[in-house]
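*Asks:* One structure coming up, written as C-alpha cells, with questions to follow.
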Amino acid sequence: MQPLAANSTSRPGALTITPFNGTVTVRFSDAIIASTERAKVVHEDGHDPVFYIPFEDIYFDLLEKTNTTTHSPLKGTASYWRVHAVGGAADDFMWAYETPDTPAKPIARHGAFDPDKARIDADPAEDKRHTPHIPE
C-alpha cells in the first residue's frame, strides 16, 4: 500500500474526504474482493487514512453482512461484513456507513476494509504532465 500523508490542514476532530487518483485493489488470500479507480480517502484526526470503495466495485458475493455495528461521532453508524473466499473467512472484514451523518455523506454506499485482514494495494495513476521526455 502506498503511504498517504496525513492532512496537515485539518483541525482537531476534522474529517477530510478526497478522491484517490489511481487504482485500489483489495484481496483476501488470493481472491480479489474489490477493485476501483474511484476510491475515496478519509483522513480523520488520530487515525490512519482509510480507502473507501464504491459498493458497485465490491464483489458482495464473497461477503456476508453481520450484526456488528459501531458508531463514529463524525460518520454515524457503521455496518460490518464477513468475507468467505478461497477456503477461508474473516469476521468484520469490511465496514460501511450506509447512511452516514452529514460530514461523511461522500462515503455513503462505500466500503472500507480492515488492513490487518485484507491486502490493500493502492497504485497511483501516472501523471502524464510530469513524465520526463527522454530524447532518442
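Residue numbering for the sequence shown follows my numbering, starting at 144 and increasing by one per position.
For every residue, glycine included, the Cβ atom is placed at its ideal position computed from N, Cα and C.
Note that this is a predicted model, so its numbers are computed, not measured.
1) Distance, Cα to Cα, Asp188 vs Val229?
2) Leaving aside the five residues before and after Ala232 along the sequence, list all residues of the same chain whose C-beta is less than 8 angstroms from its C-beta, in chain order.
3) Along the chain, where does the beta strand (DSSP E) containing Asn210 start, and where does it finish?
4) For the beta strand (DSSP E) holding Val184, just list the boundary residues, first then last.
5) My assumption, with CB atoms under 8 angstroms, is that Leu158 sits in contact with Ala265. Please give the rounded CB distance.
6) What's the gap between the Cα of Lys218 and the Cα of Ser178?
7) Enumerate in chain order the residues of its own chain whose CB-to-CB distance from Phe194 is below 7 angstroms, with the five nearest sequence positions on each side excluded.
8) Hey, does Glu241 have any beta-carbon neighbour from chain B nearer than 7 angstroms?
9) Do you know offhand how far Gly165's Cα is from Thr209's?
10) Check each candidate in His253, Asp234, Glu241 and Ile176 and name the one with the smallest Cα separation from Pro197.
*Replies:* Let's see:
1) 36 angstroms
2) Arg225 and Val226
3) Leu206 to Ser215
4) Lys183 to Glu187
5) No, Leu158 and Ala265 are not in contact; Cβ-Cβ is about 20 angstroms, not under 8 angstroms.
6) 23 angstroms
7) Phe163, Val167, Ala182, Val184, Ala255, Ile263 and Ala265
8) The structure shown has no chain B; it contains just one protein chain.
9) 30 angstroms
10) His253
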